[in-house]
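Enquirer: For the sequence shown, full-length UniProt numbering gives the first residue as 1, with consecutive numbering after it. Quick one: the structure is below, questions incoming.
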Amino acid sequence: MWLIIGEKCVLSSVGILFNAILVVAIVKAKNLRSICNLLIAMDSAFLAMFQLNALITFLIALFGINFVPVSTCFYLQAVTMFAVLMSFCVMFQMGLERLANVLFPIWSMKENSKCFHAVFLLFSLCSNCYLIWLQYDMSRGVNKMVMCTASDITALGGLFYTIAFNRSVIMHILLIIIYVALLLILKFKKGLSPDPSGARKSGSGLVGVGNVGVGVGDDQIFRGRGRGRGSGSGFGVRG
């Protein structure tokens, strides 16, 4: 068990480091402060926060505690859970931004575009705060001991699991549709984008990295439910 926990802790630490480097690089470089790049920085920041989940599990084992009540686990993992939920939303928002950049290049450069993304981000924050509250409400009524991994709270099921899981599935499907549409539009209507070659490359990269990243993140928080409640081994590194 120590080998598995230690390995995941090391991988998480590396993931946190690289995500932090990416965030700092984008924030410091003025020529990288486009909406898409800022969304990438936000996604990396949320991923770095989510990757703390393995460190939490490692510290619990390191101090010889091994198992904690579900209610305590919620408080320890609430920030990491909120971070991965936000990462899903930001990744989806990146897909919308890329599609809008190709379909409506002029609008994408106006202030209205920034307002749209700000409102979308605010909606994501509010909806994910509601999901965390549902998770808190569920954890209060359960009296059991867990290792406190990323999937231990979601394994309890309830309304949180139903909403979060179904939303994640919908996001996966829509992201695939968005990026397929993006690539087709760039292939047959290159004139729609001011920089079609660059947009095509960024779109191709995001469709691969984005969907794999979201998929792995889903596995981290939802797979415990599939194996049975309280299985206590669904943590890892996404990035």
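Glycine residues also receive a C-beta, built at the ideal position from the N, C-alpha and C atoms.
Taking the continuous alpha helix (DSSP H) assigned at C115, which residues delimit it?
Expert: The count along the sequence shown starts at 1 and reaches residue 115 at position 115. From DSSP, the alpha helix (DSSP H) with C115 extends over E111 to R140.
Enquirer: Just to confirm my understanding: we take I40, look at its own chain, exclude 5 residues before and 5 after, and list those with CB closer than 8 Å. What are they?
Expert: Here residue 40 is taken as the residue at index 40 of the sequence shown, counted from 1. Hits under 8 Å: L22, I26 and M94.
Enquirer: Taking C-beta to C-beta, are L182 and V102 nearer than 9 Å?
Expert: If you number the sequence shown from 1, residue 182 lands on position 182. If you number the sequence shown from 1, residue 102 lands on position 102. Against a cut-off of 9 Å, the Cβ pair of V102 and L182 comes out as a contact.
Enquirer: Among L76, G158 and L85, which one has its Cα closest to the Cα of M171?
Expert: Against the sequence shown, residue 171 aligns to sequence position 171. Comparing Cα-Cα distances from M171 to each of L76, G158 and L85, the minimum goes to L85.
Enquirer: Kindly indicate which three-state DSSP category residue 240 falls into: helix, strand or coil?
Expert: Nothing can be reported for residue 240: it is not among the residues displayed for the chain, which extend from 1 to 239.
Enquirer: Leaving out five residues before and five after C73 in sequence, what residues of the same chain have Cβ atoms less than 6 Å from its Cβ?
Expert: For the purposes of this step, residue 73 is identified with residue 73 of the sequence shown, where counting begins at 1. Here the set comprises V146, C148 and D152.
Enquirer: At what residues does the alpha helix (DSSP H) containing S44 begin and finish?
Expert: Residue 44 sits at position 44 when you count from the first residue of the sequence shown. Note, S44: alpha helix (DSSP H), I35 to F50.
Enquirer: Report yes if the C-beta distance between S108 and I35 is below 9 Å; otherwise report no.
Expert: Translated into the one-based positions of the sequence shown, residue 108 becomes position 108. Translated into the one-based positions of the sequence shown, residue 35 becomes position 35. Against a cut-off of 9 Å, the Cβ pair of I35 and S108 comes out as a contact.
Enquirer: Can you round the beta-carbon distance between F116 and T80 to whole angstroms, since I take them to be within the 8 Å contact cut?
Expert: Translated into the one-based positions of the sequence shown, residue 116 becomes position 116. Translated into the one-based positions of the sequence shown, residue 80 becomes position 80. That pair is no contact at about 28 Å.
Enquirer: Taking the alpha helix (DSSP H) that L156 belongs to, which residues open and close that run?
Expert: Taking the sequence shown and counting its residues from 1, the one referred to as residue 156 is at position 156. First-last for L156: undefined, no H or E at that position.
Enquirer: Closest to Y75 by CA distance: which of F165, S168 and W133 is it?
Expert: Position 75 of the sequence shown, counted from the start, is the residue given in the question as residue 75. Of the listed residues, the one whose Cα sits closest to Y75 is W133.
Enquirer: Using only alpha-carbon positions, find the residue among V180, L186, K144 and I163 that is nearest to S71.
Expert: One-based indexing of the sequence shown puts residue 71 at position 71. If we check each option's Cα against that of S71, K144 comes out closest.
Enquirer: Would you give the residue range spanned by the alpha helix (DSSP H) that A100 belongs to?
Expert: Numbered from 1 along the sequence shown, position 100 holds the residue referred to as residue 100. Run containing A100: V70 to L103, per the alpha helix (DSSP H) assignment.
Enquirer: Output needed for L38: all residues of its chain with C-beta closer than 8 Å, excluding positions within five of it in sequence on either side, in chain order.
Expert: As a working note, residue 38 is residue 38 in the sequence shown. Cβ neighbours of L38 beyond the five flanking positions: I26.
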